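Here's the structure we're looking at; comments come further down.
2 protein chains.
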Amino acid sequence: MSPSPAPLEGVAVPDAPTSAPDARPDLRVAILGCGTVGTQVVRLLTEQARDLGARIGRGLRVTGVLVRDVEAPRDPSLPRELLTTDAAALVADADLVVELLGGTTTARDLVLASLRAGASVVTANKALLATAGPELYAAADAAGVDLLFEAAVAGAVPVVRGVRESLAGDRVERVLGIVNGTTNYILDEMTTRGLDFDVALAQAQELGYAEADPTADVEGHDAAAKAAILASLAFHTRVALGDVACEGITAVTADDIAAAREAGGVVKLLAVAERVSSGDQGAEAVSVRVNPVILPAAHPLAGVGGAYNAVVVETEAAGRLMFYGQGAGGAPTASAVLGDVVAALRHRAHGGRAPAESAHAALPLATPADVVARLQVRLRVDDRPGVLAHVAQAVAEHGVSIESVHQRVAGDGEAVLAVVTHEADEAALHRTVEALRTTEGVRETVSAYRVERA
Amino acid sequence: MSPSPAPLEGVAVPDAPTSAPDARPDLRVAILGCGTVGTQVVRLLTEQARDLGARIGRGLRVTGVLVRDVEAPRDPSLPRELLTTDAAALVADADLVVELLGGTTTARDLVLASLRAGASVVTANKALLATAGPELYAAADAAGVDLLFEAAVAGAVPVVRGVRESLAGDRVERVLGIVNGTTNYILDEMTTRGLDFDVALAQAQELGYAEADPTADVEGHDAAAKAAILASLAFHTRVALGDVACEGITAVTADDIAAAREAGGVVKLLAVAERVSSGDQGAEAVSVRVNPVILPAAHPLAGVGGAYNAVVVETEAAGRLMFYGQGAGGAPTASAVLGDVVAALRHRAHGGRAPAESAHAALPLATPADVVARLQVRLRVDDRPGVLAHVAQAVAEHGVSIESVHQRVAGDGEAVLAVVTHEADEAALHRTVEALRTTEGVRETVSAYRVERA
Numbered sequence: 001m002s003p004s005p006a007p008l009e010g011v012a013v014p015d016a017p018t019s020a021p022d023a024r025p026d027l028r029v030a031i032l033g034c035g036t037v038g039t040q041v042v043r044l045l046t047e048q049a050r051d052l053g054a055r056i057g058r059g060l061r062v063t064g065v066l067v068r069d070v071e072a073p074r075d076p077s078l079p080r081e082l083l084t085t086d087a088a089a090l091v092a093d094a095d096l097v098v099e100l101l102g103g104t105t106t107a108r109d110l111v112l113a114s115l116r117a118g119a120s121v122v123t124a125n126k127a128l129l130a131t132a133g134p135e136l137y138a139a140a141d142a143a144g145v146d147l148l149f150e151a152a153v154a155g156a157v158p159v160v161r162g163v164r165e166s167l168a169g170d171r172v173e174r175v176l177g178i179v180n181g182t183t184n185y186i187l188d189e190m191t192t193r194g195l196d197f198d199v200a201l202a203q204a205q206e207l208g209y210a211e212a213d214p215t216a217d218v219e220g221h222d223a224a225a226k227a228a229i230l231a232s233l234a235f236h237t238r239v240a241l242g243d244v245a246c247e248g249i250t251a252v253t254a255d256d257i258a259a260a261r262e263a264g265g266v267v268k269l270l271a272v273a274e275r276v277s278s279g280d281q282g283a284e285a286v287s288v289r290v291n292p293v294i295l296p297a298a299h300p301l302a303g304v305g306g307a308y309n310a311v312v313v314e315t316e317a318a319g320r321l322m323f324y325g326q327g328a329g330g331a332p333t334a335s336a337v338l339g340d341v342v343a344a345l346r347h348r349a350h351g352g353r354a355p356a357e358s359a360h361a362a363l364p365l366a367t368p369a370d371v372v373a374r375l376q377v378r379l380r381v382d383d384r385p386g387v388l389a390h391v392a393q394a395v396a397e398h399g400v401s402i403e404s405v406h407q408r409v410a411g412d413g414e415a416v417l418a419v420v421t422h423e424a425d426e427a428a429l430h431r432t433v434e435a436l437r438t439t440e441g442v443r444e445t446v447s448a449y450r451v452e453r454a
Numbered sequence: 001m002s003p004s005p006a007p008l009e010g011v012a013v014p015d016a017p018t019s020a021p022d023a024r025p026d027l028r029v030a031i032l033g034c035g036t037v038g039t040q041v042v043r044l045l046t047e048q049a050r051d052l053g054a055r056i057g058r059g060l061r062v063t064g065v066l067v068r069d070v071e072a073p074r075d076p077s078l079p080r081e082l083l084t085t086d087a088a089a090l091v092a093d094a095d096l097v098v099e100l101l102g103g104t105t106t107a108r109d110l111v112l113a114s115l116r117a118g119a120s121v122v123t124a125n126k127a128l129l130a131t132a133g134p135e136l137y138a139a140a141d142a143a144g145v146d147l148l149f150e151a152a153v154a155g156a157v158p159v160v161r162g163v164r165e166s167l168a169g170d171r172v173e174r175v176l177g178i179v180n181g182t183t184n185y186i187l188d189e190m191t192t193r194g195l196d197f198d199v200a201l202a203q204a205q206e207l208g209y210a211e212a213d214p215t216a217d218v219e220g221h222d223a224a225a226k227a228a229i230l231a232s233l234a235f236h237t238r239v240a241l242g243d244v245a246c247e248g249i250t251a252v253t254a255d256d257i258a259a260a261r262e263a264g265g266v267v268k269l270l271a272v273a274e275r276v277s278s279g280d281q282g283a284e285a286v287s288v289r290v291n292p293v294i295l296p297a298a299h300p301l302a303g304v305g306g307a308y309n310a311v312v313v314e315t316e317a318a319g320r321l322m323f324y325g326q327g328a329g330g331a332p333t334a335s336a337v338l339g340d341v342v343a344a345l346r347h348r349a350h351g352g353r354a355p356a357e358s359a360h361a362a363l364p365l366a367t368p369a370d371v372v373a374r375l376q377v378r379l380r381v382d383d384r385p386g387v388l389a390h391v392a393q394a395v396a397e398h399g400v401s402i403e404s405v406h407q408r409v410a411g412d413g414e415a416v417l418a419v420v421t422h423e424a425d426e427a428a429l430h431r432t433v434e435a436l437r438t439t440e441g442v443r444e445t446v447s448a449y450r451v452e453r454a
């Protein structure tokens, strides 16, 4: 086995083509916002202008960067002459507007103004898309321009294009993803170092992985916006932020995580969108949720650590796919933005358009009775004969069957029961958990987590 | 923690758009080849015609399926009236031709004929692309049509579109992938069950995972074609099959695998394409190779088992991305084909084109002196004082330094030395391995593997 094996036999190829210079004026790119991502986008657009021009087939230039205060201190690499506070002028004179402001008010107004002025828009703004997506799509459609947003979900991970384009000929059954790096980091620290939530959160804030106000991350709202976007694309159905059943990680305890580990699993905050059967007629519906779940160690998402993101897509024909990479940060997010910039400018240069909104399936939202899950319920119970029978009875009465029970004596006449159910519908599981609260011998319902299969 | 958390506050969305019927005639799709993949493509195109039409914005129909023998027995779901042996007629009357014949002679002729007749082409034919890619691109360009080939690399895994489009604004540094399921299955069986290569191959053949003539898989040629395609896309440079340094797995022994495991690693057949510095001026070059390497257990590709494929792409801005999924099989490959079918037909319906060949960087091929690697060399040596000194001396004389040495006494006056080097250039490593063959006290060079870092 030699370290430099011989090349294979090949065939001669003609000379590489030399791209003919395009005499048309450069395409104009306006950047709205100049934070971590904006700075990287400007840097990469400037450094790689020649290569990008070759890929687009036409030159491009940054016409300006919208900031709140031109005088504020910022990265010295940023050309000062590009900075402006005149949003209206910037937007009115662009082939492409890159929106990196965040928020849903000014950003919405400027994105709509850009589209109406005939510019394509690339945005990383998940909240905007998850609340005003159809309105933006309609404006893009009316103007015949592109609306692209790879960076809005999972940073550099190209799952938006994957679902929107690569899987356009397949039938997606389920999408599940770790799409929020902050909560994944916190859960990781809780898992590997046994920290409590508050301690892990404080540490994440100190390191800059969590915001001073961590609500959007730890309550799951950020992940819910991404879940809505992925669900819309995967199921060709409008799904808005308000359609997402959402639960964050603030109630996850070190004890819950230790119990999951005992059962061979890890706790992860998952965004899940799935196609389910609804009612007796076998009609279809869409269920979208964000919540902490227990993943068995063999699940491909179980090993996704730290600030990484990963999305598993399960389809009829392709089976299980996974997309993995950095979910946040200036440069990774800028990479996703620039992929969209090249796509939008290619359309500008040569015609064609990115896929418009695809909502033809228009599936209804699932009800809890449509959605099937397994649950791990942990209970503090009296350590005396007959209690397990009461618990088993309470579960059975709701049509739910038990897959496994693990009992651990806690002392002081108390035991902790971990009951894992077989698949049952969410409504029945919900009633079961409620019933267990008042079952004879049960002192407290400690926690209830969905359990995924590997 | 409740199993059915409350939906978030959301905003109302306007009614979903109803797609206006398009009065234009259906787009015509011709299928060349009706093996496992072709059968699935026809099935999915037929079953999902309405949904696909909605995504494309215009109806489509399969005009015919090219077969060698209309009377041959085949899947009863396949509409007999579509089967034809008249390739010329099929190709002359299509908006899109899907080439699933394999091979590089008839397939090349028919693809060229299709493109010249003005049809876009979707193909899964890696060998064709890796040997005649530039010729096909030129024909597509001349006719103003698309040439798409997601299914040619890693089956359902959307890495072609990922590199070609999503990363178009980034700078790829390295691509490394497990892109051949047959060899991955064989190495997996050798690893988990301690089988010898011949036994594992025979078993793979029995189960239908390996062909009767397994040469293309086990010698690495199939992976080399995919490496050439990925390298071309990643580095905007023409790379043909003949440019790929290629070594298969036929010389991998159960003993090699056991030794890798002792060092905490696994042996995987990797396709690797990387950008390297060439010469003193810091010019760039491209190195492309296929060979068995030792991966540490923590590497994201180390856990990719069985017939799965995965490709890691390392870029300047995005960092490390991974794409994972089923690399072969009728339905997964058909999923990739159908994604391309939708893209090509959208262009047909609404204008625009897929990216043409991007070869603007035109980097030269690297020489062994440009490429840096670490090597694990195993040697059978005399078990006597001084031999390690001779070995260390021989390695040092070639400017290579040693990272670790592991010695195991084998009995009969013999020991086995496993030497892992630090990074050194391939030319120096090659000379080192040659010198070790004749170093005093060395009886035999057992194996030499590249070792990747996690």
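Just so you know, the sequences run in chain order G and P. Residues 1 to 454, numbered by the UniProt record's numbering, are exactly what the first sequence covers, in order. Residues 1 to 454, numbered by the UniProt record's numbering, are exactly what the second sequence covers, in order. Cβ coordinates follow ideal geometry from the N, Cα and C atoms, glycine included. On a predicted model such as this, the values are computed, not experimentally measured, just so you know.
Not one beta carbon of chain G lies nearer than 7 Å to the beta carbon of Val199 (chain P). Against Gln376 (chain P), chain G offers no close residue; the least beta-carbon distance is about 10 Å (beta-carbon pairs closer than 7 Å). Identification of residues in the region 160–190 of chain G having a C-beta nearer than 8 Å to some C-beta of chain P yields Arg161, Gly162, Glu165, Ser166, Leu167, Ala168, Gly169, Asp170, Arg171, given in sequence order. Going by C-alpha positions, Arg289 (chain P) is about 47 Å away from Ala202 (chain G). Under the DSSP assignment, Asn184 (chain G) falls outside any beta strand (DSSP E), being part of the alpha helix (DSSP H) whose first and last residues are 181–193. Lys226 (chain G) and Asp141 (chain P) have their alpha carbons spaced roughly 37 Å apart.
If you compare the alpha carbons of P:Leu270, P:Ser232, P:Glu173, P:Val252 with that of Thr131 (chain P), the shortest gap goes to P:Ser232. Between Ala297 (chain G) and chain P, the shortest Cβ-Cβ separation is not below 7 Å. Under DSSP, no beta-bridge partner is assigned to Thr432 (chain G). Asp217 (chain G) and Val179 (chain G) have their C-alpha atoms spaced approximately 10 Å apart. Within the region 314–329 of chain G, the residues whose Cβ lies closer than 9 Å to some Cβ of chain P are Thr315, Glu316, Ala317, Ala318, Gly319, Arg320, Leu321, Met322, Phe323, Tyr324, Gly325, Gln326, Gly329, listed in chain order. Residue burial is scored here from C-beta neighbours: Pro25 (chain P) has fewer than 16 other C-beta atoms within 10 angstroms and is therefore classed as exposed.
According to the DSSP secondary-structure assignment, Asp93 (chain G) is paired through a beta bridge with no residue.
Under the Cβ criterion of 7 Å, Ser120 (chain P) is not counted among the residues facing chain G. Residue burial is scored here from C-beta neighbours: Thr63 (chain G) has at least 16 other C-beta atoms within 10 angstroms and is therefore classed as buried.
The beta carbons of Val419 (chain G) and Asp383 (chain G) sit no closer together than 7 Å. Note that the region 250–270 of chain G does not touch the region 347–358 of chain G; fewer than 3 beta-carbon pairs, one per stretch, sit closer than 8 Å. Under DSSP, Phe323 (chain P) takes part in a beta bridge, and its partners are G:Phe323, P:Val311. Proximity of the region 183–190 of chain G to the region 91–99 of chain G falls short of the contact definition, fewer than three beta-carbon pairs being nearer than 8 Å. The alpha helix (DSSP H) runs of length 4 or more contained entirely in the region 327–410 of chain G are, from start to end of the chain, 330–350, 387–397. Counting along the chain, Gly53 (chain G) sits inside the alpha helix (DSSP H) bounded by residues 49–56.
In this structure, Val67 (chain P) keeps its C-beta atom at 7 Å or more from the C-beta atom of Leu78 (chain P). Straight-line measurement puts the Cα of Ala107 (chain G) at about 47 Å from the Cα of Val400 (chain G). Rounded to whole angstroms, the gap between the alpha carbons of Ser335 (chain G) and Gly155 (chain G) is 8 Å. Collapsing the DSSP output to three states places Pro158 (chain P) in coil. For Ile31 (chain G), the uninterrupted beta strand (DSSP E) segment begins and ends at 27–32.
Proximity of Pro332 (chain G) to chain P, defined by a Cβ-Cβ separation below 7 Å, is satisfied. About 6 Å separates the beta carbon of His398 (chain G) from that of Ala435 (chain G), a gap short enough to meet the 8 Å contact definition. If you draw a straight line from the Cα of Thr183 (chain P) to the Cα of Glu247 (chain P), it comes to about 12 Å.
Linking Glu284 (chain G) to Gly144 (chain G) through their CA atoms gives a straight-line distance of about 32 Å. Non-local beta-carbon contacts of His406 (chain P) in its own chain, meaning distances under 6 Å to residues more than five positions away in sequence, involve Ala418 in chain order. Classified as buried, Ser287 (chain G) has 16 or more neighbouring CB atoms from the shown chains inside 10 Å of its CB. In the three-state reduction of the DSSP assignment, Gly177 (chain G) falls in the strand class, which pools E and B. Taking every protein chain shown into account, the CB of Leu207 (chain P) has fewer than 16 other CB atoms within 10 angstroms, so this residue is exposed.
The beta carbon of Pro158 (chain P) falls within 7 Å of a beta carbon belonging to chain G, placing the residue at that interface. Residue state for Leu230 (chain P) is assigned as helix, using DSSP reduced to three classes.
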